[in-house]
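Q: Numbering (UniProt numbering), first residue to last: 1 to 255.
Backbone N, C-alpha and C fix where the C-beta goes; we use that ideal spot for every residue, glycine too.
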């Protein structure tokens, strides 16, 4: 990305065209929110249900309202490519060179919150210290391969979005190792993204496509003419044969 911001004005104008429909949908937002709440909190008492309902209808939640983009892709643990998990992203365009995303295991009302991701421009990535760069992965393959999708977005808007995303970098930590336990044990784990064919679980990708009504092969063909960016060799640190990962240790407490 040399002449474009992370998400360009062209991209934003494309999404503005769908603004009227979004406003119409907002009229149904409260009813959908209440319905979603009723599907969660299994075992909650009537008192808790009443409090949830009151909160949904009376409390403003501006950071949640600012979430604009729903993406679906796959991550793997930075020290173990064999542990691959589907990642449902909900992202906020915080500023021109920074997105922040919350990650769930699905797009369902009772989805588990499993992590976070920050997305930055290539220009911003180039300014990072070398040790910091080891924590980030590129998005070039996720976009070009068709594995990263924006379900439900019209093709024109999705195309504009991924033309900008292809040269960005992400730093992702999963806080819930749900592939191992049905409870968020342990500490956040660094995650990475795929960089070449043959790395992703084909069965998992096929099952995702069928469930969401998308086609990774079709997306790949449609994005073939999106220019391939130059990827900073300091990203995707696992490709060197060594990786970094978080660990837990006892330290002295300072008052």
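Could you round the C-beta distance between residue 118 and residue 139 to whole angstroms and report it? I think they count as a contact, below 8 Å.
A: So it is not a contact: roughly 12 Å between Cβ atoms.
Q: Under three-state DSSP, which class holds residue 102?
A: In the structure shown, residue 102 sits in a strand (DSSP, three-state: E or B).
Q: Quick check on the burial criterion: 16 or more other C-beta atoms within 10 angstroms. Buried or exposed for residue 192?
A: Burial call: buried.
Q: In this structure, what does DSSP give as the bridge partners for residue 70?
A: Paired residues: 90.
Q: From this set, 145, 136, 57, 221, which residue's C-alpha is nearest residue 189's C-alpha?
A: Comparing Cα positions, the closest option is 136.
Q: So, under 8 Å CB-CB, residue 88 and residue 105 are touching, yes? Tell me the CB distance rounded to an integer number of Å.
A: With 8 Å as the limit, residue 88 and residue 105 qualify as a contact, their Cβ atoms being about 7 Å apart.
Q: Considering only the beta carbon of each residue, do residue 216 and residue 147 sit closer than 7 Å?
A: Going by C-beta atoms, residue 216 is nearer than 7 Å to residue 147.
Q: Return helix, strand or coil for residue 112, following the three-state DSSP convention.
A: Residue state, collapsed to three classes: coil.
Q: Can you list, in chain order, the residues of its chain whose CB lies under 7 Å from that of residue 243, leaving out five sequence neighbours each side?
A: Result list for residue 243: 78, 79, 237, in chain order.
Q: For the beta strand (DSSP E) that residue 138 lies in, which residues bound it at each end?
A: Run containing residue 138: 136-138, per the beta strand (DSSP E) assignment.
Q: What did DSSP end up calling residue 199 once you bin it into helix, strand or coil?
A: Three-state DSSP puts residue 199 in coil, outside helix and strand.
Q: Please return the same chain residues whose Cβ sits closer than 7 Å to the Cβ of residue 158, not counting the five positions on each side in sequence.
A: Within the same chain, residue 158 has close Cβ partners 150.
Q: Please tell me whether residue 103 and residue 166 are closer than 7 Å, where the distance is taken between their beta carbons.
A: Against a cut-off of 7 Å, the Cβ pair of residue 166 and residue 103 comes out as no contact.
Q: In chain order, what residues of the same chain lie with their CB nearer than 7 Å to the CB of residue 219, ignoring the 5 residues before and after it?
A: These residues qualify, in order along the chain: 146, 149.
Q: Is it the case that the Cβ atoms of residue 98 and residue 120 are separated by a distance below 7 Å?
A: Cβ distance < 7 Å, so residue 98 and residue 120 count as in contact.
Q: Could you tell me how far apart the beta carbons of residue 175 and residue 114 are, in whole angstroms, since I believe they sit closer than 8 Å?
A: Contact flag correct, Cβ pair sits at about 6 Å.
Q: Are the Cβ atoms of residue 252 and residue 84 separated by less than 7 Å?
A: Cβ distance not < 7 Å, so residue 252 and residue 84 don't count as in contact.
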